[in-house]
Amino acid sequence: MRKGVFGAVIAAAAIAIAVPAVAQSPNDTIAARVAKMKELGAASGAITAYVRENKGTPADMVKAGETMQGLALQIPTWFPKGTGDGDPGVTKNRAKMDIWAKFDDFSKAATALRAEADAFVAAARSGDREKITAAAATLGPKGCGGCHTPFRAPQS
Ligand code: HEC
280 MRKGVFGAVI AAAAIAIAVP AVAQSPNDTI AARVAKMKEL GAASGAITAY VRENKGTPAD
340 MVKAGETMQG LALQIPTWFP KGTGDGDPGV TKNRAKMDIW AKFDDFSKAA TALRAEADAF
400 VAAARSGDRE KITAAAATLG PKGCGGCHTP FRAPQS
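Numbers 280 to 435, taken from my numbering, label the letters of the sequence shown in order.
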């Protein structure tokens, strides 16, 4: 009996994991993705501090790059239909409606971030400051900017 109940609990948990972000209210989805973007922002901030002020270590850069590697391909899943700036009942946010008009391009921008993050982690693992700085120089503009420029509205 106990086992059966426990089994049912596990099955319910598995279903909860499988349910995509769409099951949340649009505004919860937006808040969750903004929090995730802030994780990317924190990793990016650590990289900038290393490049500009020589703060932190190559090991820190491996960590920052791995954060981006881990999140990059998830990004499209944070943007279910109905969560754009302009969708009914949705709080003001910075997701342009173009995301859903050009979702393939949006997904490609996430893949591009993953490629940049891969290259950055490889550079960071070398421990060579010049290589890390060179990889960082394309990571921001191509990896993040490659999506923000077309798909993120300016801050209001
Ligand atoms: C595939 C597209 C895409 C990629 C790649 C991407 N972003 Fe974003 N980002 C967005 C969109 C769209 C928003 C606006 C989301 C919203 O307002 O709901 C955003 C918002 C943000 C925000 C603002 C959060 C806030 O306070 O409102 C930060 C910070 C951010 N991104 C950092 C980054 C960093 C750093 C990278 C690269 C490591 C990155 N993003 C890569 C699409 C992307």
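Beta carbons are placed, not taken as given, at the ideal position from N, Cα and C, and that holds for glycine.
Exposed or buried, what is residue i when buried is set at 16 or more other beta-carbons lying within 10 Å of its beta-carbon?
i	result
alanine 323	Note on identity: in this sequence residue 323 is serine, with alanine being the wrong assignment. With 16 or more other Cβ atoms within 10 Å, it is buried.
alanine 402	buried
glutamate 409	exposed
threonine 395	In the sequence on display, residue 395 carries glutamate and not threonine. Buried is the call here.
alanine 416	exposed
threonine 428	exposed
lysine 311	Residue identity differs from the one stated: residue 311 is alanine in this sequence, not lysine. That one is exposed.
glycine 406	exposed
phenylalanine 382	exposed
proline 305	buried
threonine 370	exposed
glycine 365	exposed
Using DSSP's beta-bridge definition, name the partner residues of residue i.
i	result
arginine 408	Arginine 408 pairs with nothing; no bridge assigned.
aspartate 364	Asp366
arginine 431	Ala374
Can residue i and residue j be called in contact, C-beta distance under 7 Å?
i	j	result
alanine 389	leucine 352	yes
alanine 314	alanine 343	no
alanine 432	alanine 414	no
glycine 422	leucine 392	yes
arginine 404	valine 341	yes
threonine 308	threonine 362	yes
task = Any chance you could list the residues with Cβ under 6 Å from a heavy atom of ligand 1, keeping chain order?
result = Cβ atoms closer than 6 Å to ligand 1 belong to Ile309, Arg312, Val313, Met316, Lys317, Leu319, Gly320, Ser323, Met347, Ile354, Asn372, Arg373, Ala374, Phe385, Ala388, Ala389, Leu392, Gly422, Cys423, Cys426, His427, Phe430, Arg431.
query = If we count Cβ pairs, one from each stretch, closer than 8 Å, do we get three or more for the stretch 361 to 379 versus the stretch 331 to 340?
reply = Contact between the stretch 361 to 379 and the stretch 331 to 340 is absent, because fewer than three Cβ pairs lie under 8 Å.
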